[in-house]
Amino acid sequence: MAPLAAEDYHVVAPDQRGYGRTTGWDNRPDLICLVNALGYTEVLSIISNDFGTLPGTYALLLRPDIFKSPVQVSIPFVAPATPAVFRGVDQPGKWTSISV
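Just add 22 to the spot in the sequence shown (first one is 1) and you have this note's numbering.
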């Protein structure tokens, strides 16, 4: 965030409800209220990550006149596989076998 702020961008990273010092779970209107509270009428780019993609997407769907140019990055957690998972899997489109 610091490099963006150094280039005169206004960067805000609020805690999502249920994280940090917050409670609750229905955060659909929160981003719209935050933009209003900060005195803005539009957001040029809304970037949301992991669990933040849901409120980021809702904000865009509810108020496309406010939120422009969305970016959602959600990468699911995949636990590391044990070497046994890779042995003998030589089918197209599947993992290639690895000698361990």
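For glycine and all other residues, C-beta sits at the position ideal for the given N, C-alpha and C.
Here's the rule: buried if 16 or more other CB atoms are within 10 angstroms of the residue's CB, otherwise exposed. What is residue i?
i, result
"Val57", "buried"
"Asn71", "exposed"
"Val65", "buried"
"Gly40", "exposed"
"Thr118", "Low per-residue confidence applies at Thr118: pLDDT is 44, beneath 50, and the placement is therefore not dependable enough to give any value."
Note down the Cα distance separating residue i from residue j, rounded to an integer number of angstroms.
i, j, result
"Pro51", "Leu60", "14 Å"
"Asp87", "Arg43", "30 Å"
"Val95", "Ala27", "21 Å"
"Ser91", "Leu84", "14 Å"
"Cys55", "Thr63", "11 Å"
"Gly78", "His32", "17 Å"
"Asp30", "Asn49", "28 Å"
"Phe73", "Gly46", "14 Å"
"Pro36", "Leu76", "14 Å"
Less than 7 Å between the beta carbons of residue i and residue j, yes or no?
i, j, result
"Phe89", "Ile68", "yes"
If residue i sits next to residue j, beta carbons under 8 Å apart, how far is it from one beta carbon to the other, in whole angstroms?
i, j, result
"Val81", "Leu53", "In the sequence under discussion, the amino acid at residue 81 is Ala, which differs from the Val named in the question. Right, their Cβ atoms sit about 4 Å apart."
### Task
Report the residue ranges of all alpha helix (DSSP H) runs contained in full by the stretch 40-110; include only those spanning at least 4 residues, in chain order.
52-59, 75-84, 105-108
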